[in-house]
Amino acid sequence: MTMEKVRWGVIGSANIAKKSVIPGIQQSETGEVVAIASRNKEKAEEAAKELSIPIAYGSYEELLNDSTIEAVYIPLPNHLHKEWTIRAAEAGKHVLCEKPAALNTEEVKEMEAACEKAGVVFAEAFMYRYHPRYAMVREVMESGRIGEIRGIHGTFTFNNAEDSSNVRYKKEWGGGSLYDVGVYPISAARMLLRQEPQAATVHAFFSDEHDGVDMMASGLLEFKNGVAMTFDCGMWAAFRNTLEIVGTEGRIEVPSAFVAHQSEEDHFYVMTNDGKSEVEVPKLNQYALQADALGRTIRGSEPLPYPVSDAVLNMKVLDACLRSAEQRQRIEIK
Numbered sequence: 000m001t002m003e004k005v006r007w008g009v010i011g012s013a014n015i016a017k018k019s020v021i022p023g024i025q026q027s028e029t030g031e032v033v034a035i036a037s038r039n040k041e042k043a044e045e046a047a048k049e050l051s052i053p054i055a056y057g058s059y060e061e062l063l064n065d066s067t068i069e070a071v072y073i074p075l076p077n078h079l080h081k082e083w084t085i086r087a088a089e090a091g092k093h094v095l096c097e098k099p100a101a102l103n104t105e106e107v108k109e110m111e112a113a114c115e116k117a118g119v120v121f122a123e124a125f126m127y128r129y130h131p132r133y134a135m136v137r138e139v140m141e142s143g144r145i146g147e148i149r150g151i152h153g154t155f156t157f158n159n160a161e162d163s164s165n166v167r168y169k170k171e172w173g174g175g176s177l178y179d180v181g182v183y184p185i186s187a188a189r190m191l192l193r194q195e196p197q198a199a200t201v202h203a204f205f206s207d208e209h210d211g212v213d214m215m216a217s218g219l220l221e222f223k224n225g226v227a228m229t230f231d232c233g234m235w236a237a238f239r240n241t242l243e244i245v246g247t248e249g250r251i252e253v254p255s256a257f258v259a260h261q262s263e264e265d266h267f268y269v270m271t272n273d274g275k276s277e278v279e280v281p282k283l284n285q286y287a288l289q290a291d292a293l294g295r296t297i298r299g300s301e302p303l304p305y306p307v308s309d310a311v312l313n314m315k316v317l318d319a320c321l322r323s324a325e326q327r328q329r330i331e332i333k
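See the structure below:
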């Protein structure tokens with residue numbers, strides 16, 4: 000029996016929505032995009048035409064008032080995530096919200112309460128987690144093939160510094176590299192180690208040219224048993240997105256850790272005393288996989304792999320990282 004497709008609406012016409020998430024939902028087995036809203040009707044109509052979306056709304060409210068829409072995707076600037084997640088929940092819509100979930104832990108807790116009260120599903124949009132390669136990476140880690148895990152190192156950097164009007168460079172709006180790309184290695188370490196870090200120490204470069212946001216940050220997260228995650232993230236540095244897991248007997252390298260090309264570039268490598276082996280991973284669209292995980296939860300066929308409580312825990316770590324960078328000291332995570 001085929002599942003009736005989940006009818007999605009998109010609140011905002013950001014690039015991530017147009018280039019990745021909307022095509023992902025359109026390619027998914029469980030979802031279809033039926034409407035897009037922008038505060039500018041022409042912008043919404045342009046995006047709708049470009050992406051073959053049937054309905055364009057000139058306000059977010061109109062989309063939420065459309066009773067045929069079951070779920071919304073929110074790619075708005077970070078400072079608007081809380082308001083529109085809560086408004087969507089109150090309108091009875093399930094929510095996929097772009098990362099980071101909000102600006103601090105308290106905001107995410109308010110979002111969690113609103114979604115639970117309304118009985119709707121909420122997920123933070125970490126698309127990479129839905130790709131089967133991370134289950135494959137964890138399998139290697141837990142098989143003992145690389146010995147005991149000693150540490151993880153993650154990177155996510157790119158150089159967009161010249162685009163001075165970018166929303167990522169507005170402090171009040173939740174700009175900065177920790178919010179934008181640091182969240183990826185941080186969430187990956189929590190996911191792979193299946194535990195929460197106990198403390199964070201972060202050093203950052205705050206740029207006066209970019210409203211004082213962190214344009215580069217390097218961090219250390221302390222996990223139990225002396226295991227650490229070191230990471231760096233930046234928006235004014237050469238492009239990288241890598242993950243390395245180091246064990247006592249070997250290591251795993253993921254050369255394109257968060258971006259999936261649906262090609263050989265997505266494969267990962269296991270290095271042990273026996274040499275280097277390439278692990279082939281399926282060529283899949285991780286945005287479509289994310290939509291399907293939500294679709295199956297909305298239709299009640301399986302639980303969400305990363306519930307809203309995970310977004311609260313991830314934000315706690317992010318809060319500690321930002322405080323550490325600003326105060327230049329180690330912050331314990333309670």
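Heads up: the sequence shown is residues 0 to 333, going by numbering that gives the first Met the number 0.
A virtual CB, placed ideally from N, CA and C, is assigned to each residue, including glycine.
Bear in mind the structure is a predicted one, so any value in this text is a computation, not a measurement.
What are the boundary residues of the beta strand (DSSP E) that includes isoleucine 24?
-> Indexing the sequence shown from 1 puts residue 24 at position 25. Where isoleucine 24 is concerned, there is no enclosing beta strand (DSSP E), although the alpha helix (DSSP H) it sits in stretches over 21-26.
Do you know whose CA, among Val20, Val9 and Ser27, lies nearest glutamate 3's CA?
-> The count along the sequence shown starts at 1 and reaches residue 3 at position 4. For the residues Val20, Val9 and Ser27, the minimum Cα distance to glutamate 3 belongs to Ser27.
Beta-carbon spacing of phenylalanine 334, asparagine 284 below 8 angstroms | Residue 334 is absent from the model: the chain starts at 0 and stops at 333.
Could you pull out every unbroken alpha helix (DSSP H) segment of at least 4 residues lying fully inside the segment 14-66, listed in chain order?
-> 21-26, 40-49 and 59-63
Figure out for me which residue from His78, Glu325 and Ala55 has the closest Cα to the Cα of glycine 218.
-> For the purposes of this step, residue 218 is taken as residue 219 along the sequence shown, with counting starting at 1. Selected option, being the one with the closest Cα: Glu325.
Glycine 153 vs alanine 310 beta-carbon contact at 8 angstroms | Residue mapping note: residue 153 aligns to position 154 of the sequence shown, counting from 1. Residue mapping note: residue 310 aligns to position 311 of the sequence shown, counting from 1. No; because the gap between Cβ atoms is not below 8 angstroms, this pair is not in contact.
Taking the alpha carbon of threonine 271 as the point to measure from, which residue in Leu288, Val253, Glu248 and Glu264 has its own alpha carbon closest?
-> As a working mapping, residue 271 is identified with position 272 in the sequence shown. Answer by Cα proximity: Glu248.
Helix, strand or coil at isoleucine 68 [DSSP, three-state] | Indexing the sequence shown from 1 puts residue 68 at position 69. Correct three-state label for isoleucine 68: coil.
C-alpha gap between valine 182 and lysine 275, whole angstroms | As a position in the sequence shown, residue 182 is number 183, starting the count at 1. As a position in the sequence shown, residue 275 is number 276, starting the count at 1. So the two alpha carbons sit approximately 29 angstroms from each other.
Which residues mark the beginning and the end of the alpha helix (DSSP H) in which lysine 169 is found?
-> As a first step, residue 169 is located in the sequence shown; it is residue number 170 there, counting from the start. Premise fails: lysine 169 is in no alpha helix (DSSP H) and is neither H nor E.
Report the residue ranges of all alpha helix (DSSP H) runs contained in full by the segment 235-323; include only those spanning at least 4 residues, in chain order.
-> 285-297
Is there contact between the segment 104-112 and the segment 283-301, where contact requires at least three CB pairs shorter than 8 angstroms?
-> no
Looking only at its own chain, which residues have a Cβ that is under 7 angstroms from the Cβ of alanine 334, when we skip the five neighbours before and after it?
-> Lying before the first or after the last residue shown, residue 334 is absent from the chain, which here runs from 0 to 333.
Under the three-state DSSP convention, the category methionine 2 falls into | By 1-based counting over the sequence shown, the position of residue 2 is 3. The answer is coil: DSSP assigns methionine 2 none of H, G, I, E or B.
Since I believe leucine 102 is in contact with glycine 173 (beta carbons under 8 angstroms), could you give me their beta-carbon distance rounded to a whole number of angstroms?
-> Locating residue 173 in the sequence shown gives position 174, counting from the first residue. Locating residue 102 in the sequence shown gives position 103, counting from the first residue. With a Cβ gap of about 5 angstroms, glycine 173 and leucine 102 count as contacting.
C-alpha distance - leucine 321 paired with valine 278, whole-angstrom precision | Position 322 of the sequence shown, counted from the first residue, corresponds to residue 321. Position 279 of the sequence shown, counted from the first residue, corresponds to residue 278. If you take the alpha carbons of leucine 321 and valine 278, they lie about 35 angstroms apart.
Proximity test, Cβ basis, 8 angstroms: cysteine 114 and chain D = No chain D appears in the structure shown, which is made up of a single protein chain.
Are proline 53 and valine 71 touching if we call contact CB-CB under 8 angstroms?
-> What you label residue 53 is simply residue 54 of the sequence shown in a count that begins at 1. What you label residue 71 is simply residue 72 of the sequence shown in a count that begins at 1. It is not a contact, given that the beta carbons lie outside the stated cut-off.
Beta-carbon spacing of isoleucine 251, phenylalanine 230 below 8 angstroms = Counted from its first residue, the sequence shown places residue 251 at position 252. Counted from its first residue, the sequence shown places residue 230 at position 231. Their beta carbons are not under 8 angstroms apart, which means isoleucine 251 does not touch phenylalanine 230 by this criterion.
Along the chain, where does the alpha helix (DSSP H) that runs through methionine 140 open and close?
-> On the sequence shown, position 141 is the one that residue 140 refers to. Residues 132-142.
Under three-state DSSP, which class holds leucine 79?
-> Within the sequence shown, the letter at position 80 stands for residue 79. Three-state result, leucine 79: helix.
Between the CA atoms of isoleucine 85 and arginine 329 - distance to the nearest angstrom | Walking along the sequence shown from the start, residue 329 turns up at place 330. Walking along the sequence shown from the start, residue 85 turns up at place 86. In a straight line, the C-alpha of arginine 329 is about 33 angstroms away from that of isoleucine 85.
Do you know whose CA, among Ala187, Lys170 and Asp162, lies nearest valine 136's CA?
-> By one-based count along the sequence shown, residue 136 stands at place 137. Minimum Cα distance to valine 136 is reached at Ala187.
Where do the ends of the alpha helix (DSSP H) carrying glutamate 106 lie?
-> To locate residue 106, count along the sequence shown from 1; it is residue 107. Counting along the chain, the alpha helix (DSSP H) containing glutamate 106 begins and ends at 104-117.
Distance, alanine 287 Cα to glutamine 261 Cα = One-based indexing of the sequence shown puts residue 261 at position 262. One-based indexing of the sequence shown puts residue 287 at position 288. Between glutamine 261 and alanine 287, the C-alpha separation is close to 12 angstroms.
Which residue from Pro99, Tyr56, Glu61 and His93 puts its Cα closest to that of proline 76?
-> Position 77 of the sequence shown, counting from 1, holds the residue named residue 76. When only C-alpha atoms are compared, the closest one is Pro99.
One or two residues paired with serine 206 in a DSSP bridge | Here the question's residue 206 lines up with position 207 in the sequence shown. Bridge partners of serine 206: Val212.
Hey, how far is the Cα of glutamate 331 from the Cα of arginine 167?
-> If you number the sequence shown from 1, residue 331 lands on position 332. If you number the sequence shown from 1, residue 167 lands on position 168. If you take the alpha carbons of glutamate 331 and arginine 167, they lie about 27 angstroms apart.
For threonine 104 versus arginine 6, is the C-beta distance shorter than 8 angstroms?
-> Here the question's residue 104 lines up with position 105 in the sequence shown. Here the question's residue 6 lines up with position 7 in the sequence shown. Contact: no.
Check the C-beta distance from tyrosine 59 over to isoleucine 21 and give it rounded, since I have them as a contact under 8 angstroms.
-> Here the question's residue 59 lines up with position 60 in the sequence shown. Here the question's residue 21 lines up with position 22 in the sequence shown. Contact doesn't hold; Cβ gap of about 16 angstroms is too wide.
So is alanine 341 buried or exposed if we call it buried at 16+ other beta carbons inside 10 Å?
-> Missing from the structure shown is residue 341; the chain here goes from 0 to 333 and no further.
Does DSSP put glycine 146 in a helix, in a strand, or in coil?
-> The residue you call residue 146 lines up with position 147 of the sequence shown. Glycine 146: coil per DSSP, three-state reduction.
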